[in-house]
Amino acid sequence: MPSAPRRWHKPLSLTEQRFLHSGAWWLWAILLAAMAAGTKNPIFLLSIISVVLLVVRFRKSDAPWSKSIKGYLFAAGFVIIFRILLVIITPDIFGDTLLFTLPEIDLPSFFAGVKLGGEIKANTVFLAFQEGLRLATILVCIGGAQSLASPTRMLKSIPAALYEVGLSITVALTFAPQLAFDAKRVRDAQYLRGRKTTGIPALAKTFVPVLEGAMERALLLASAMDSRGYGRRIHQSTLKRKLTNIFMLGGLLGILLGLAGLLGVFSQSKIGLLTMIIGIALSFFALRFAGQNASRTKYRPDKWHIPEVLVITTALFGLVAMRFTENIVLNPLSSPLSSPQINFITLSSIWVSVLAITFSPKPPLTSRPASDLFKISNQIDRQAA
Amino acid sequence: MIKFENVTFKYSDTNFAILENVNLTIPSGELVLVVGKTGSGKSTLLGLINGLVPNFTGGDLTGDVSVNGRSIRDFPPRDFADLVGVVRQDPRASFVTDLVEDELAYGMEQLGISPSTMRRRVEEVLDLLGLAELRNRSLATLSGGQRQRVAIASVLTTNPKVLVLDEPTSALDPSAAEEVLAAIQRLVHDLGLTVVLAEHRLERVVQYADRVIVVDREAEVYADRPAQVFASSLLAPPVVELGRAAGWSPLPLTVRDARKFADELRTRLEKSKPRIRVNVPTKTLVNVENLNFNYGNLRALRHIDLNISDGEIVALMGRNGSGKSTLLSQLVGLLEPTSGKISINGKNPLTLKGKSLIESVGLVPQEPTDLLIADSVINECIASDSDSDAVPGTTFSIFEQLTTDVSENAHPRDLSEGEKLSLALAVVLAAKPPLILLDEPTRGLDYAAKRQLVSSLQKLGKKNHTIILATHDVELAAEVATRVILLADGEIVTDGPVNEVLSSSPMFSPQVSKVMSPANWLTVSDVAFALEDLR
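These protein sequences, in sequence, are chains X and A.
Heads up: the first sequence is residues 5 to 389, going by the numbering used here.
Heads up: the second sequence is residues 2 to 536, going by the numbering used here.
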């Protein structure tokens, strides 16, 4: 066989339109989330959120999964508000700056230690805001990764032994919007027959046809996949398959026990570490073992190029800078209340991550604003919204 | 290439054999058309080619089917992946990935083909089917014709020798159908592919067929040249029926063949005129004023002004995505207009709910079974009677008028496409709405079922029901409509009497009109009626 023409795998230029490796986006986002986890300073946190939103704004694709950031933003806002409401309802006693006083409610004795209402201190509210914002920032980072990295392309990078798992996720991802679409169709039909479309009985009536439809589609898909050769070249001996399963199970068990050990369930933490290492080794072995047999090939898997490395590097600056930042800057005091300080070096290091926009290529378009588009995708979007 | 030897097949839940003692040989490089009524066993025949029947359906098979010497008795369907490519009616159901290029590669990945070969074949097939510009597109955003071409492309990459297509154009508008059929024809010509294709809309495909297989439950399955088959077959495209009515010999199969005879027929009919089907407007039933509708940033309907009166049968036509279904949804109050006004009998459909809705307007959706909820025909009818407060038995008696002998206890799912449509229509009619909307009613209907639908609709029109149909089916529009509205890009492009609109549009003119132009004839029945008059 002639050697594979490698040139196809290399981008013609760094700016050529293509999808950046999904793993690169995830790593970048995780690094930003790690920064967020290390600080309560609202200015740093808001900077991280701005960086993520800016990069998403300029580098998300037009595919449906790219819109997930909106949901995460809502969730982030909810987290902040919820966290603040929580301290307002059950305020802490500490703090010196009184904001306002709520009527106090007496609780039965078995709620001892819990207080409803009373004096609300600015200190506790500020602390709650900081903590809520930190969690919100982490959420936004995850949402950013989901909007930037295609879930199906991510699956291309997983080990061959996990192919089935990856495939079921891909199928599920395309199934979910169709379920929403089916549900709408059934609801419409009920409306057309002059029946109620709201309330629990109506919902129950939607459930069965939607499930039936899903079953039918699953069968159709299964037969279609079979006729396209799915499962064709897996000629694995039973013994080998059993061995793989044993390794895999043993490995997972080891990892679990190891985790428990590290969390301090056992008296000696060394046992935990040891089982963890054995578990990881076993699972790795199982994956390799099973992977040898899969004779499938991969079409244009994502490769790591210079842009991928550069994108990840941008997020490292902030993390390193934060290591050398004083704690008082990272975690401003809430008691006594003080305005957060800024370290300009740290701040600008965080903002270096925004350079991911310039280093990463533009994603190619996967849809176009044509009339045939509205039928499916917009209806689904409206459903989702 | 494909051999059926003494094939008899029976599904396990029926007590008759759907295919009996079938012996067929399909030589390589031919485009073979499979015709037959719905439920005659066409899909079963197609499914047998790569063993999906009986492997995925169950049932008893005797005899043998083999492709290129590989028998379905010895190999499961997946071992036919490099030999037989199967494309279903709705390709969405068989897409595994989410991007065009990945979908094309999927089959090859399963076969373990080397990355460089995969890359080359993807490029070749993209070019072959004119999909190069769509390579990065998400499958969900493709139009119907593009989707069908991607489905074909995705099975071609494994280099099969046989392509099996089950009603590839039934959901497509005329131009998208042509796009797909042209691609298929190129495959037969350039690659020497053997194509087995089932299709109800014969007028679209007969011209491409080398051979026709006739599947009929009452008679033996046989294959013959198209000219021989259509000389006697009950299922025939309009142009063949026109030839029969006018007594032409040899019978023309294509519009082009028929034009050679057209001069003679035109002179014969010089003094005759087609029956006029335009209703005199009496009372306005539907009034639409400056209707606009946006899906997000997309303007799906713009500046729609409409007046439809009692007893009109209006065909809404246009490309996939031109706004036909959206307009129907607005008329029945499923969608709220972005701006503009709709009134049905003076009432805004959005304010109608429940019984007052079904008494004013009824919609039969694209998938008629969506409307059906019960587990048997009779229960469906009882439910419908109670929904519309009709006298018990109303729905069933309407259903009986629309169709011929169906068991009361049959599950709606097991009915033929035509019967499902009749049942859904009966459910809608039980509440006696003056306005009836049908979305793509002839999808999957054979000629007999279509004839039944045409006569039902004509009767309803005579009873002063107003009917609006959204359809791609030019022949249906020519048969029943009194008025045709062409939509493009959400705007009304043409609105006029059926004779004027259909005979002047190149894409939406029926076969008879193409043959008879410049004379203004639309349907075989009109011509036959006029010829009868002359005698």
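Using N, Cα and C, we set each Cβ at its ideal position, and we do this for glycine too.
Residue i and residue j closer than 7 Å at C-beta
i, j, result
"X:K160", "X:P365", "no"
"X:S338", "X:F130", "yes"
"A:L157", "A:V126", "yes"
"X:S231", "A:L53", "yes"
"X:W69", "X:P155", "yes"
"A:Q111", "X:G170", "no"
"X:T43", "X:L334", "yes"
"A:M318", "A:L487", "yes"
"A:L335", "X:D186", "no"
"X:I73", "X:G121", "no"
"A:V481", "A:L458", "yes"
"A:P369", "A:L422", "yes"
"X:R245", "A:G113", "no"
"A:S504", "A:S514", "yes"
"A:V475", "A:A316", "no"
"A:I314", "A:G462", "yes"
Residue i, buried or exposed, once every other Cβ within 10 Å from all chains shown has been counted against 16
i, result
"X:P373", "Caution applies to X:P373, whose pLDDT of 41 falls short of 50 and renders its modelled position unreliable; the value that the coordinates give is listed next. The residue is exposed, with fewer than 16 neighbouring Cβ atoms inside 10 Å."
"X:R221", "buried"
"X:G235", "exposed"
"X:F23", "buried"
"A:D306", "exposed"
"A:I345", "buried"
"A:P519", "exposed"
"A:T405", "exposed"
"X:S172", "exposed"
"A:V1", "Within the shown structure, residues of chain A are numbered from 2 to 536, placing residue 1 of chain A beyond reach of any answer."
"X:L102", "exposed"
"X:A389", "The predicted model places X:A389 with a pLDDT of 42, which falls under 50 and marks its position as unreliable; any figure quoted below should be read in that light. By the 10 Å Cβ count, X:A389 comes out exposed."
"X:I332", "exposed"
"A:S41", "buried"
"A:F509", "buried"
"X:A8", "For X:A8, the predicted structure reports a pLDDT of 42, less than 50, and the residue's modelled location is therefore unreliable. A value from the coordinates is still provided. Under this definition X:A8 is an exposed residue."
Top-ranked residue by Cα proximity to residue i, from the options
i, options, result
"A:E242", "A:I185, A:V525, A:N51, A:L353", "A:V525"
"A:D61", "A:V197, A:F509, A:K11", "A:K11"
"A:S326", "A:K342, A:S310, A:L364", "A:L364"
"A:K354", "X:A41, X:R189, X:G198, X:L103", "X:G198"
"X:W29", "X:V56, X:L207, X:L261, X:A149", "X:A149"
"A:A478", "A:V499, A:D217, A:T467, A:V8", "A:V499"
"X:P46", "X:S227, X:T279, X:I84, X:K274", "X:I84"
"A:P169", "A:Q90, A:K43, A:D406", "A:Q90"
"A:I3", "A:F17, A:T9, A:V33, A:D128", "A:V33"
"A:E533", "A:S41, A:L426, A:G248, A:D99", "A:G248"
"A:G593", "A:V151, A:T39, A:T495", "Any property of residue 593 of chain A remains undetermined from this structure, which presents chain A solely from 2 to 536."
"A:G244", "A:V475, A:L252, A:S144", "A:L252"
"X:S353", "X:I52, X:Y167, X:L137", "X:I52"
"X:E135", "X:A153, X:L323, X:V91, X:I310", "X:V91"
"X:W32", "X:L359, X:T370, X:P368", "X:L359"
"A:T472", "A:I359, A:L328, A:T15, A:D311", "A:L328"
"A:I73", "A:V8, A:E102, A:T118", "A:V8"
Inter-residue CB distance, residue i and residue j (contact presumed, cutoff 8 Å)
i, j, result
"A:A228", "A:L254", "6 Å"
"X:A126", "X:L341", "6 Å"
"A:T285", "A:N308", "5 Å"
"A:L166", "A:L198", "5 Å"
"X:S357", "X:A319", "5 Å"
"A:A224", "A:V213", "7 Å"
"A:I153", "A:V88", "5 Å"
_What are the residues in the region 109–134 of chain A lying within 8 Å of chain X by C-beta distance?_
For the region 109–134 of chain A, which is checked against every Cβ of chain X, the residues closer than 8 Å are M109, E110, Q111, L112, G113, I114, S115, P116, S117, M119, R120, V123.
*Short-range partners of chain A found in the region 283–312 of chain X, where Cβ spacing is below 8 Å*: Flagged, chain order: S299, R300, T301, K302, Y303, R304.
*Scan the region 45–60 of chain A for residues whose Cβ lies nearer than 8 Å to a Cβ of chain X and list them as they occur along the chain.*
Cβ contacts with chain X: N51, L53, N56, F57.
*asked:* Output needed in chain order: residues of the region 227–258 of chain A with a Cβ under 8 Å from some Cβ in chain X.
replied: Those would be none; no residue qualifies.
*Name, going along the chain, the residues of the region 342–361 of chain A whose beta-carbon falls closer than 7 Å to a beta-carbon of chain X.*
Cβ contacts with chain X: G355, K356, L358, I359.
*Give the residues from the region 15–44 of chain X that approach chain A closer than 8 Å (Cβ to any Cβ), ordered along the chain.*
Flagged: no residues at all.
*Can you give me, in chain order, the residues of the region 385–415 of chain A that have a beta carbon less than 8 Å from any beta carbon in chain X?*
Residues of the region 385–415 of chain A with a Cβ closer than 8 Å to any Cβ of chain X, in chain order: S385, D388, S389.
*What residues in the region 160–188 of chain X have a beta carbon less than 9 Å from any beta carbon of chain A?*
Residues K160, L171, T174, V175, L177, T178, P181, Q182.
*Name, going along the chain, the residues of the region 215–246 of chain X whose beta-carbon falls closer than 8 Å to a beta-carbon of chain A.*
Against chain A - using a Cβ distance shorter than 8 Å - the residues of the region 215–246 of chain X are R221, L223, L224, L225, A226, S227, A228, M229, D230, S231, R232, G233, Y234, G235, R236, R237.
_Output needed in chain order: residues of the region 368–383 of chain A with a Cβ under 8 Å from some Cβ in chain X._
From the region 368–383 of chain A, only E368, D371, L372, I374 have a Cβ closer than 8 Å to chain X.
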